[in-house]
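Written out below as structure tokens is the structure these notes cover.
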Amino acid sequence: MVSYAYVVPLLPLFAFGLQSLFGRALGRATAWVGIACLAASTAVSLAVLAEVLRGAEAAVSWPWLSLGGATFSMGVRVGPLEAAMIAMVTFVSLMVEVYSVGYMAGDAKFNRFFAIVNLFVGAMLVVVLADNFLLLFAGWEIMGLASYLLIGHWYHDLANARAATKSFLVTRLGDIGLLIGIFVCYQAAGTLDFAVIDAGAASWAPGVATLAALLIFAGAVGKSAQVPLHVWLPDAMAGPTPVSALIHAATMVAAGVFLVARTYPVFEASGTALAVVAVVGGVTAFLAATVGTVQADIKKMLAYSTISQLGYMMLGLGVFGYAAALFHLLSHAFFKALLFLGSGSVIHAARGEQDMHRMGGLFRKLPLTGLTFIVGGLALAGIPPFAGYFSKDEVLLTAWENERWLFWLGAATAGITGFYIARGIYLTFFGRPRDAELYTHAHESPPVMAVPLVVLAVFAAFFGWLGSASLGRLVQAFLALPGEAEPEAAWYAAASTIALAAAGVVAGGLLYGAARPELRAHLVRVLRPVYVLFREKWYFDHLALGATGLGLAASAFVGWFDRTVVDGLVNAVAWFTGVLGQASRRLAVGDAQAYMLTMAGAVLVGLAALLGLGVSRP
Amino acid sequence: MSWAWVGFAVLTGAAVFSALRVVLSPSITHAALHLAIVLVAVAGYFLLLQSEFLAVVQVLVYVGAVMTVIIFAIMLSDLPLIRGGAGLRAGLGSERFGWLPLLVACGVGALVLVGYGSVVWTAAPLAFQESLPMLADTTGQGTTGLIGRALFTSYLVPFEVASLLLLAALVGAIVLTRREVAVRVRELPKPVDLRAVARTGRGPAGPKAGDEADAERASAGGEA
Amino acid sequence: MMPELPVAAYLVVSVVLFSIGLFGALRRRNAIMVLMAIELMLNAVNLNLVAFSRYLPGAVAPGQVFAVFVITVAAAEAAVGLAIVLLLARSRRTADVPDVRDLKG
Numbered sequence: 064m065v066s067y068a069y070v071v072p073l074l075p076l077f078a079f080g081l082q083s084l085f086g087r088a089l090g091r092a093t094a095w096v097g098i099a100c101l102a103a104s105t106a107v108s109l110a111v112l113a114e115v116l117r118g119a120e121a122a123v124s125w126p127w128l129s130l131g132g133a134t135f136s137m138g139v140r141v142g143p144l145e146a147a148m149i150a151m152v153t154f155v156s157l158m159v160e161v162y163s164v165g166y167m168a169g170d171a172k173f174n175r176f177f178a179i180v181n182l183f184v185g186a187m188l189v190v191v192l193a194d195n196f197l198l199l200f201a202g203w204e205i206m207g208l209a210s211y212l213l214i215g216h217w218y219h220d221l222a223n224a225r226a227a228t229k230s231f232l233v234t235r236l237g238d239i240g241l242l243i244g245i246f247v248c249y250q251a252a253g254t255l256d257f258a259v260i261d262a263g264a265a266s267w268a269p270g271v272a273t274l275a276a277l278l279i280f281a282g283a284v285g286k287s288a289q290v291p292l293h294v295w296l297p298d299a300m301a302g303p304t305p306v307s308a309l310i311h312a313a314t315m316v317a318a319g320v321f322l323v324a325r326t327y328p329v330f331e332a333s334g335t336a337l338a339v340v341a342v343v344g345g346v347t348a349f350l351a352a353t354v355g356t357v358q359a360d361i362k363k364m365l366a367y368s369t370i371s372q373l374g375y376m377m378l379g380l381g382v383f384g385y386a387a388a389l390f391h392l393l394s395h396a397f398f399k400a401l402l403f404l405g406s407g408s409v410i411h412a413a414r415g416e417q418d419m420h421r422m423g424g425l426f427r428k429l430p431l432t433g434l435t436f437i438v439g440g441l442a443l444a445g446i447p448p449f450a451g452y453f454s455k456d457e458v459l460l461t462a463w464e465n466e467r468w469l470f471w472l473g474a475a476t477a478g479i480t481g482f483y484i485a486r487g488i489y490l491t492f493f494g495r496p497r498d499a500e501l502y503t504h505a506h507e508s509p510p511v512m513a514v515p516l517v518v519l520a521v522f523a524a525f526f527g528w529l530g531s532a533s534l535g536r537l538v539q540a541f542l543a544l545p546g547e548a549e550p551e552a553a554w555y556a557a558a559s560t561i562a563l564a565a566a567g568v569v570a571g572g573l574l575y576g577a578a579r580p581e582l583r584a585h586l587v588r589v590l591r592p593v594y595v596l597f598r599e600k601w602y603f604d605h606l607a608l609g610a611t612g613l614g615l616a617a618s619a620f621v622g623w624f625d626r627t628v629v630d631g632l633v634n635a636v637a638w639f640t641g642v643l644g645q646a647s648r649r650l651a652v653g654d655a656q657a658y659m660l661t662m663a664g665a666v667l668v669g670l671a672a673l674l675g676l677g678v679s680r681p
Numbered sequence: 031m032s033w034a035w036v037g038f039a040v041l042t043g044a045a046v047f048s049a050l051r052v053v054l055s056p057s058i059t060h061a062a063l064h065l066a067i068v069l070v071a072v073a074g075y076f077l078l079l080q081s082e083f084l085a086v087v088q089v090l091v092y093v094g095a096v097m098t099v100i101i102f103a104i105m106l107s108d109l110p111l112i113r114g115g116a117g118l119r120a121g122l123g124s125e126r127f128g129w130l131p132l133l134v135a136c137g138v139g140a141l142v143l144v145g146y147g148s149v150v151w152t153a154a155p156l157a158f159q160e161s162l163p164m165l166a167d168t169t170g171q172g173t174t175g176l177i178g179r180a181l182f183t184s185y186l187v188p189f190e191v192a193s194l195l196l197l198a199a200l201v202g203a204i205v206l207t208r209r210e211v212a213v214r215v216r217e218l219p220k221p222v223d224l225r226a227v228a229r230t231g232r233g234p235a236g237p238k239a240g241d242e243a244d245a246e247r248a249s250a251g252g253e254a
Numbered sequence: 011m012m013p014e015l016p017v018a019a020y021l022v023v024s025v026v027l028f029s030i031g032l033f034g035a036l037r038r039r040n041a042i043m044v045l046m047a048i049e050l051m052l053n054a055v056n057l058n059l060v061a062f063s064r065y066l067p068g069a070v071a072p073g074q075v076f077a078v079f080v081i082t083v084a085a086a087e088a089a090v091g092l093a094i095v096l097l098l099a100r101s102r103r104t105a106d107v108p109d110v111r112d113l114k115g
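Protein chains in written order, with the working numbering: chain A, 64 to 681; chain B, 31 to 254; chain C, 11 to 115.
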């Protein structure tokens with residue numbers, strides 16, 4: 064089965080084709096066609112995973128392009144990383160698609176939604192399974208396209224269209240870096256095959272490796288919404304919630320992390336690149352968490368949370384915690400998808416309202432949603448025994464060993480994480496309902512939406528155990544690179560993270576659950592500068608605008624240069640020709656004798672020249 | 031001093047004096063006549079150079095034809111005497127372009143003379159070629175035979191081209207100077223009225239059967 | 011017959027005649043005058059050619075044939091040129107070269 068792993072991306076792509084061509088004819092059944100294909104794909108992935116767990120591996124490839132002397136192939140490589148990823152991607156996508164049948168019911172472009180979701184899933188699977196940069200890049204770009212199309216699903220509202228464009232353009236910036244990085248790798252290795260590149264990276268000059276790594280990381284920064292290219296993810300919440308759950312929480316944004324993991328030997332060959340990765344990750348985690356504390360929109364809060372958790376993964380990769388980071392990637396996929404789908408459930412119940420300040424007390428009305436949401440929230444905060452604890456803990460322990468200050472940054476972030484998610488939970492589900500109308504009409508979700516929630520909650524609750532010390536750290540062992548050691552179990556480090564997380568949760572709960580609003584208002588007044596900083600997202604949007612301004616200024620200069628200097632030069636030549644022409648015009652008098660005189664003069668000059676050139680004289 | 035030098039001196043004097051009169055004379059007819067003298071002088075030079083054919087051709091064509099044409103043109107152009115020029119007396123500032131023509135002409139002349147250098151000014155100049163390179167069947171025919179032979183062998187193509195050129199010049203000159211001839215448009219025959227023909231049973235008015243017979247008899251008679 | 015005349019003599023005469031002709035062609039106003047001056051120049055050239063043809067070994071045939079052609083072309087050119095002058099004189103009542111500037115650019 065492992066050698067047939069290429070079926071896994073083909074099935075969703077096939078579904079995409081069917082849904083695009085026959086969607087109109089199939090009607091509502093279109094969604095189930097896609098789900099059927101995806102279920103089959105999931106089954107195949109699980110089979111592959113089972114085999115890889117037993118030690119199997121596979122690599123298949125077909126020749127694709129022949130350009131000049133180089134041949135590029137299309138191929139699939141299946142190892143532990145790939146097997147785990149495709150299992151996760153297909154499974155979570157399946158959950159989200161089933162959920163979407165209920166969530167998107169009644170949407171005018173129901174079929175288009177499912178078709179593009181399947182396109183996306185296919186592309187993501189291509190990225191995971193690709194055995195060379197070219198194929199990976201192709202899938203990468205198609206993912207970007209699908210993301211754009213899905214964010215702008217309700218494009219009649221111009222704001223959604225703009226959000227989609229923003230996401231596409233910002234990730235594009237990263238993609239340019241990735242593309243140049245691919246060129247550098249090709250220069251250095253002579254091929255785009257990962258097997259060759261990974262094997263040979265150690266022998267590259269450190270400068271080359273650093274350059275390639277940083278460029279590839281640029282692509283990851285874009286796709287995984289790290290600082291400073293993170294500005295698109297909160298705006299991407301304009302898309303339907305299942306899209307947010309799938310693409311902007313579990314899969315596409317994880318592709319950046321996956322990319323770094325995939326090209327890890329290149330990063331290892333360059334000392335500085337990994338340090339950059341770690342710092343970027345840590346800073347992102349912290350910044351995003353702080354901004355998440357002041358969000359009113361439930362989806363935006365989760366968006367910043369995603370950015371923050373992705374920062375954790377990058378941090379893990381940067382401090383040589385390869386297996387830890389990937390473990391966190393997997394567990395994050397489950398609980399973040401759960402959280403998003405849960406928020407979707409709430410939004411669905413609240414008839415489209417997303418402002419948490421207008422919610423409250425929904426637990427009584429949406430018990431199932433609320434319960435699963437709490438499970439996800441605790442996982443996110445890293446409270447044992449839920450999934451997030453084990454994976455985040457692993458990352459932080461690796462940081463403790465290698466870069467102590469990053470550990471403290473991560474631990475502080477854990478505290479803030481606990482705070483904002485507790486805040487979110489309390490505002491949404493507990494306390495007195497703030498909007499009576501909303502409260503009255505709220506109802507629990509239909510089964511087609513509820514079942515995925517429950518399934519994901521189970522994973523969020525128990526997945527972590529697979530990586531815990533007591534069960535032999537199966538996940539890490541499975542994913543680890545050869546020779547990678549597990550971090551030492553510094554219990555005081557682990558204890559401080561749990562303490563900070565718990566403190567955060569308690570603080571959030573108290574502040575938003577028990578305390579009176581006046582207290583919160585008072586705190587905001589006291590901490591006003593901090594509050595504003597968070598609310599303005601650390602002024603990154605302003606920075607981006609400034610950067611755009613710079614770009615516009617540069618292009619204005621270039622435009623001026625082109626018009627004045629370049630065109631001026633050309634015009635000057637033409638003008639000069641005109642001047643010459645006008646001057647020569649004076650010769651065309653129309654008087655034959657004048658012409659004769661000119662000719663005679665020319666003969667005179669010619670004769671003089673001839674004779675002056677050394678003709679022998681008597 | 032041989033007769034050659036005397037002849038040469040006379041010819042040169044006449045040629046140069048007349049050439050100057052040609053270009054400096056205020057009267058166009060005077061200029062034309064002096065040109066004729068120059069042309070004859072050149073024929074004389076040709077004789078001195080023992081090129082008898084060219085001398086004769088020069089007189090026949092240049093003096094006989096070209097000068098005639100020039101004089102015809104002068105007379106037919108029916109212009110008042112040339113204006114504005116008083117020849118030598120008016121100094122060199124009148125006519126056209128001030129002193130430039132003199133300058134240019136003298137310059138060209140001087141430079142050409144300089145250019146003749148080794149040919150003309152050396153102590154051992156070129157010698158006169160007494161004998162012509164005779165071909166077998168042209169002995170005794172002088173330059174005439176030589177030129178004739180050359181024109182019909184080595185220079186045949188230029189010869190034919192020159193005749194074409196003369197034809198073109200001939201046609202061109204005639205076409206250019208033809209006076210416009212008014213062309214009378216002949217009357218077109220009246221259109222036939224077929225209904226009238228059908229009604230009356232007679233063809234269009236034209237030569238009747240009788241006329242045709244008369245014409246035949248007339249021509250038959252003429253022939254006999 | 012009379013071999014003492016140096017080639018220089020003929021050449022000098024030819025150059026003098028040519029210069030005079032050039033002078034006249036550039037200076038005179040009347041078109042017919044100009045044409046006459048040009049005939050003068052052509053004759054000077056012919057003299058030059060024939061002189062060389064008789065003084066250079068083996069140049070008799072080319073020199074004199076060339077001179078024949080010059081005479082031919084000069085005749086043709088005179089005919090057509092004068093026809094044009096006549097036309098001009100008829101239509102514009104002038105035969106002055108400076109009066110005909112239609113091609114002034």
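Virtual Cβ for every residue (Gly too), placed ideally from N, Cα, C.
Return no unless some Cβ of chain C is closer than 9 Å to the Cβ of B/A44.
Position 14 of the second sequence, counted from the start, is the residue given in the question as residue 44 of chain B. By this cut-off, B/A44 is not an interface position.
For the region 123–141 of chain B, enumerate the residues whose C-beta is nearer than 8 Å to any C-beta of chain A, in chain order.
Those residues of the region 123–141 of chain B that come within reach of chain A (Cβ to Cβ, closer than 8 Å) are R126, F127, L130, P131, V134, A135, G137, V138 and L141.
Can you tell me where the beta strand (DSSP E) holding A/W127 begins and where it ends?
Along the first sequence, read from residue 1 onward, the residue named residue 127 of chain A stands at position 64. A/W127 -> beta strand (DSSP E) spans A121 to L130.
So, is the C-beta of B/G145 closer than 9 Å to a C-beta in chain A?
Here residue 145 of chain B corresponds to residue number 115 of the second sequence, with the count starting at 1. For B/G145, the answer is yes, since a Cβ of chain A falls inside 9 Å of its Cβ.
Reducing DSSP to helix, strand and coil, say where A/T52 ends up.
For residue 52 of chain A there is no data in the structure shown, the boundaries of chain A being 64 and 681.
Any idea what DSSP makes of A/S136, helix, strand or coil?
As a first step, residue 136 of chain A is located in the first sequence; it is residue number 73 there, counting from the start. A/S136 falls in the strand class under three-state DSSP.
Is the distance from the Cβ of A/A413 to the Cβ of A/Y375 below 9 Å?
By one-based count along the first sequence, residue 413 of chain A stands at place 350. By one-based count along the first sequence, residue 375 of chain A stands at place 312. No, the pair does not count as a contact, with Cβ atoms beyond the cut-off.
Along the chain, where does the alpha helix (DSSP H) that runs through B/I204 open and close?
Position 174 of the second sequence, counted from the start, is the residue given in the question as residue 204 of chain B. L186 to T207 is the extent of the alpha helix (DSSP H) around B/I204.
Chain-order list of residues whose beta-carbon lies under 6 Å from that of A/V329 (same chain, five-residue window excluded)
Taking the first sequence and counting its residues from 1, the one referred to as residue 329 of chain A is at position 266. These residues qualify, in order along the chain: A264, A272, A275 and A276.
Determine the extent of the alpha helix (DSSP H) in which A/L81 is found, giving its start and end residues.
Locating residue 81 of chain A in the first sequence gives position 18, where the first residue counts as 1. Where A/L81 is concerned, the enclosing alpha helix (DSSP H) stretches over V70 to L89.
Is it buried or exposed, B/I204, if we count other Cβ atoms within 10 angstroms and call 16 or more buried?
Against the second sequence, residue 204 of chain B aligns to sequence position 174. Classification for B/I204: exposed.
Using a 10 Å radius around the Cβ and a threshold of 16 neighbouring Cβ atoms, would you call A/H504 buried or exposed?
One-based indexing of the first sequence puts residue 504 of chain A at position 441. With fewer than 16 Cβ atoms within 10 Å of its Cβ, A/H504 is classed as exposed.
I need the straight-line Cα distance from A/V629 to A/F603, nearest angstrom please.
To locate residue 629 of chain A, count along the first sequence from 1; it is residue 566. To locate residue 603 of chain A, count along the first sequence from 1; it is residue 540. Distance between the alpha carbons of A/V629 and A/F603: 37 Å.
From which residue to which residue does the alpha helix (DSSP H) around A/A570 run?
Here residue 570 of chain A corresponds to residue number 507 of the first sequence, with the count starting at 1. For A/A570, the uninterrupted alpha helix (DSSP H) run begins and ends at W554 to G572, by DSSP.
Contact list for the region 636–664 of chain A against chain B, Cβ threshold 7 Å:
Q656, L660, A663 and G664
Buried or exposed by the 16-neighbour rule on C-beta atoms within 10 Å, applied to B/R51:
Sequence index remark: in the second sequence, residue 51 of chain B carries index 21 (1-based). Burial call: buried.
At a Cβ threshold of 9 Å, is C/S63 touching chain B?
Within the third sequence, the letter at position 53 stands for residue 63 of chain C. Taking Cβ atoms only, chain B reaches closer than 9 Å to C/S63, which makes this a yes.
Could you pull out every unbroken alpha helix (DSSP H) segment of at least 4 residues lying fully inside the region 577–646 of chain A, listed in chain order?
Within the region 577–646 of chain A, the complete alpha helix (DSSP H) runs of at least 4 residues are 580–589, 591–598 and 603–624.
Quick one: what does DSSP say A/D498 is sitting in, helix, strand or coil?
By one-based count along the first sequence, residue 498 of chain A stands at place 435. Looking at A/D498 - three-state DSSP - the assignment turns out to be coil, as it is neither helix nor strand.
Selection from B/A44, B/V142 and B/E82 that minimises the alpha carbon distance to B/I67:
For this step, residue 67 of chain B is matched to residue 37 along the second sequence. Ranking B/A44, B/V142 and B/E82 by CA distance to the CA of B/I67 puts B/A44 first.
Exposed or buried, A/E500, counting other C-beta atoms within 10 Å across all chains shown (16 or more means buried)?
For the purposes of this step, residue 500 of chain A is identified with residue 437 of the first sequence, where counting begins at 1. Result: exposed.
Check the Cβ-Cβ distances between C/R37 and every residue of chain B, and say whether any is below 9 Å.
Taking the first residue of the third sequence as position 1, residue 37 of chain C is located at position 27. At least one chain B Cβ lies under 9 Å of C/R37.
Relative to the C-alpha of A/D360, which candidate in A/H585, A/I484, A/M158 and A/L643 has its C-alpha closest?
Taking the first residue of the first sequence as 1, we reach residue 360 of chain A at position 297. Here the closest residue by C-alpha is A/I484.
Would the region 205–221 of chain A count as touching the region 112–120 of chain A if we require 3 or more Cβ pairs under 8 Å?
no
For B/L69, count the other beta carbons within 10 Å of its own beta carbon; 16 or more makes it buried, fewer makes it exposed. Which is it?
Looking up residue 69 of chain B in the second sequence gives position 39. The residue is buried, with at least 16 neighbouring Cβ atoms inside 10 Å.
Is the CB-CB distance between A/F383 and A/T461 below 9 Å?
Taking the first sequence and counting its residues from 1, the one referred to as residue 383 of chain A is at position 320. Taking the first sequence and counting its residues from 1, the one referred to as residue 461 of chain A is at position 398. The answer is yes: Cβ separation under 9 Å.
Between C/R111 and chain B, is there a C-beta pair that is closer than 9 Å?
Reading the third sequence from its first residue, position 101 is the one you call residue 111 of chain C. No, because no Cβ of chain B sits closer than 9 Å to the Cβ of C/R111.
Residues in its own chain within less than 7 Å of A/M151 by CB, not counting five upstream and five downstream?
Here residue 151 of chain A refers to the residue found at position 88 of the first sequence. When the five nearest sequence neighbours on each side are left out, the beta carbons in the same chain lying within less than 7 Å of the beta carbon of A/M151 are those of L393 and A396, in order along the chain.
Helix, strand or coil for C/A105, going by three-state DSSP, please let me know.
Taking the third sequence and counting its residues from 1, one reaches residue 105 of chain C at position 95. The three-state reading of DSSP puts C/A105 in coil, since its state is none of H, G, I, E or B.
How is A/A193 classed by DSSP in three states: helix, strand or coil?
Taking the first sequence and counting its residues from 1, one reaches residue 193 of chain A at position 130. It is a strand residue.
What whole-angstrom Cβ distance do C/L27 and B/A49 have, given they're in contact under 8 Å?
As a first step, residue 27 of chain C must be located in the third sequence, where it is residue number 17. As a first step, residue 49 of chain B must be located in the second sequence, where it is residue number 19. Contact flag correct, Cβ pair sits at about 5 Å.
Does the beta carbon of B/V187 come closer than 9 Å to any beta carbon on chain C?
As a position in the second sequence, residue 187 of chain B is number 157, starting the count at 1. Chain C, which has no Cβ nearer than 9 Å to the Cβ of B/V187, makes this no.
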